[in-house]
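J.:
Number of protein chains: 2
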Amino acid sequence: MDNDFNKYNEAAEMLKILAHPVRLCIVKGLLENGGCNVSHMQECLGAPQSTISQHLQKLRSAGIVTGSRNGLEIKYTVIDERVKVLLPILFNKR
Amino acid sequence: MDNDFNKYNEAAEMLKILAHPVRLCIVKGLLENGGCNVSHMQECLGAPQSTISQHLQKLRSAGIVTGSRNGLEIKYTVIDERVKVLLPILFNKR
DNA sequence: TCATTATATTTATATATTACGATATACAAA
DNA sequence: TTTGTATATCGTAATATATAAATATAATGA
Numbered sequence: 001m002d003n004d005f006n007k008y009n010e011a012a013e014m015l016k017i018l019a020h021p022v023r024l025c026i027v028k029g030l031l032e033n034g035g036c037n038v039s040h041m042q043e044c045l046g047a048p049q050s051t052i053s054q055h056l057q058k059l060r061s062a063g064i065v066t067g068s069r070n071g072l073e074i075k076y077t078v079i080d081e082r083v084k085v086l087l088p089i090l091f092n093k094r
Numbered sequence: 001m002d003n004d005f006n007k008y009n010e011a012a013e014m015l016k017i018l019a020h021p022v023r024l025c026i027v028k029g030l031l032e033n034g035g036c037n038v039s040h041m042q043e044c045l046g047a048p049q050s051t052i053s054q055h056l057q058k059l060r061s062a063g064i065v066t067g068s069r070n071g072l073e074i075k076y077t078v079i080d081e082r083v084k085v086l087l088p089i090l091f092n093k094r
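As given, the protein sequences belong to chains A and E, one line each in that order.
Using full-length UniProt numbering, the first residue of the first sequence is number 1, and each one after it goes up by one.
Using full-length UniProt numbering, the first residue of the second sequence is number 1, and each one after it goes up by one.
#1: Since residue 59 of chain A meets chain E, which of its residues come closer than 8 Å, beta carbon to beta carbon?
#2: How big is the Cα-Cα spacing for residue 42 of chain E and residue 6 of chain E?
#3: In whole angstroms, what is the alpha-carbon distance linking residue 56 of chain A and residue 33 of chain E?
#4: So, does the CB of residue 75 of chain A fall closer than 8 Å to a CB anywhere in chain E?
#5: Is the separation between the beta-carbon of residue 46 of chain A and that of residue 75 of chain A shorter than 8 Å?
#6: Counting only runs that start and end within the segment 34 to 77 of chain E, where is the beta strand (DSSP E) found for 3 or more residues in a row?
#7: Measuring straight from C-alpha to C-alpha, what distance separates residue 86 of chain E and residue 69 of chain A?
#8: Do you know offhand how far residue 14 of chain E's Cα is from residue 17 of chain A's?
#9: Quick check: what's the CA-CA separation for residue 26 of chain E versus residue 50 of chain A?
#10: Under a CB-based cut-off of 8 Å, is residue 16 of chain A close to chain E?
#11: Closer than 8 Å, CB to CB, is residue 55 of chain E near chain A or not?
#12: Which whole-angstrom value is the C-beta distance of residue 82 of chain A and residue 58 of chain A, which I expect to be below 8 Å?
#13: Residues of chain A with a CB under 8 Å from the CB of residue 89 of chain E: which are they?
#14: In this structure, does DSSP put residue 91 of chain A in helix, strand or coil?
#15: Short of 7 Å in beta carbon distance, which residues of its chain neighbour residue 80 of chain E, apart from the five on each side in sequence? Order them along the chain.
#16: When you compare only the Cα positions, how much space is there between residue 52 of chain E and residue 38 of chain E?
#17: Return the chain-ordered list of same chain residues with a C-beta closer than 8 Å to the C-beta of residue 9 of chain E, the five sequence neighbours on each side being excluded.
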């Protein structure tokens, strides 16, 4: 049953990153709009800049999103394929 | 807006429950075998009884699994439909 | 250069989660 | 009853996570 404990650890790591309302909101917004900068997220979520930035840092270091700078702004996009599949299912209306 | 916020909170709550290697292993095992008792999980996972039982308590109070007693044993099964869909995707090999 | 804007990092503190031994409960059989 | 077995709950120390203010960096334009 537990041949591959790593498998469970990795999956749990990813879920742990997703398992926060602000991060879910960020990721869902990025998926639906194709990308977004930090200032816009701040407005939407009503959280201070440093808080948003720290959540983005987690998403980034987990390989879920990536940011590309364009002048002053940094535009974030979702790059993890599993997340692209999981999120719509998670928010599926039934 | 409040509505949306609830949506993210609820989804995050569910993910947080799943986001633990032992609980993932339990749920995946239950899904694949159709059910299992605590003693068997203990053997498989090599964790003390109270630890397993506390993870089951979390899964139970989140409505992800339910247990039905049969004599001394309690057989657990997964009852959350989203989880039944999400887990196979999470562990899908590509 | 300096000022401004967008984002990241550091630091401190508060809160939540985890693990596990000890103990309690539920049931069955003697 | 009493004993043995399966599972649940309690107490709590160790660890992890969240938040936000303060500060730092990076890019741009005057």
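The C-beta atom is built at its ideal place from N, Cα and C for all residues, glycine as well.
T.: Well, looking at it:
#1: The sequence position of residue 59 of chain A within the first sequence is 59, counting from 1. Within chain E, no residue comes near residue 59 of chain A; the closest Cβ sits about 14 Å away, beyond 8 Å.
#2: On the second sequence, residue 42 of chain E is found 42 positions in, with the first residue counted as 1. On the second sequence, residue 6 of chain E is found 6 positions in, with the first residue counted as 1. Each residue's Cα considered, the two are about 35 Å apart.
#3: The residue labelled residue 56 of chain A in the question sits at position 56 within the first sequence. The residue labelled residue 33 of chain E in the question sits at position 33 within the second sequence. Cα-Cα distance, rounded: 38 Å.
#4: As a working note, residue 75 of chain A is residue 75 in the first sequence. Chain E contact via Cβ: absent.
#5: Sequence index remark: in the first sequence, residue 46 of chain A carries index 46 (1-based). Sequence index remark: in the first sequence, residue 75 of chain A carries index 75 (1-based). No, the Cβ-Cβ distance between residue 46 of chain A and residue 75 of chain A is not below 8 Å.
#6: 65 to 70
#7: Numbered from its first residue, the second sequence carries residue 86 of chain E at position 86. Numbered from its first residue, the first sequence carries residue 69 of chain A at position 69. Rounded to the nearest angstrom, the two C-alpha atoms are 33 Å apart.
#8: Residue 14 of chain E sits at position 14 when you count from the first residue of the second sequence. Residue 17 of chain A sits at position 17 when you count from the first residue of the first sequence. Roughly 13 Å between the two C-alpha positions.
#9: Position 26 of the second sequence, counted from the start, is the residue given in the question as residue 26 of chain E. Position 50 of the first sequence, counted from the start, is the residue given in the question as residue 50 of chain A. Spanning the two alpha carbons is a distance of roughly 37 Å.
#10: As a first step, residue 16 of chain A must be located in the first sequence, where it is residue number 16. By this cut-off, residue 16 of chain A is an interface position.
#11: As a first step, residue 55 of chain E is located in the second sequence; it is residue number 55 there, counting from the start. Not closer than 8 Å to any Cβ of chain A, the Cβ of residue 55 of chain E fails to qualify, so no.
#12: As a position in the first sequence, residue 82 of chain A is number 82, starting the count at 1. As a position in the first sequence, residue 58 of chain A is number 58, starting the count at 1. 16 Å between Cβ atoms; not a contact.
#13: As a working note, residue 89 of chain E is residue 89 in the second sequence. By Cβ distance, chain A contributes 82, 85, 86 and 89.
#14: Position 91 of the first sequence, counted from the start, is the residue given in the question as residue 91 of chain A. Residue 91 of chain A: coil per DSSP, three-state reduction.
#15: The residue you call residue 80 of chain E lines up with position 80 of the second sequence. Around residue 80 of chain E: 63 and 64.
#16: Here residue 52 of chain E refers to the residue found at position 52 when the second sequence is read from its first residue. Here residue 38 of chain E refers to the residue found at position 38 when the second sequence is read from its first residue. Cα to Cα, the separation comes out at about 7 Å.
#17: In the second sequence, residue 9 of chain E corresponds to position 9, counting from 1. Nothing meets the Cβ criterion.
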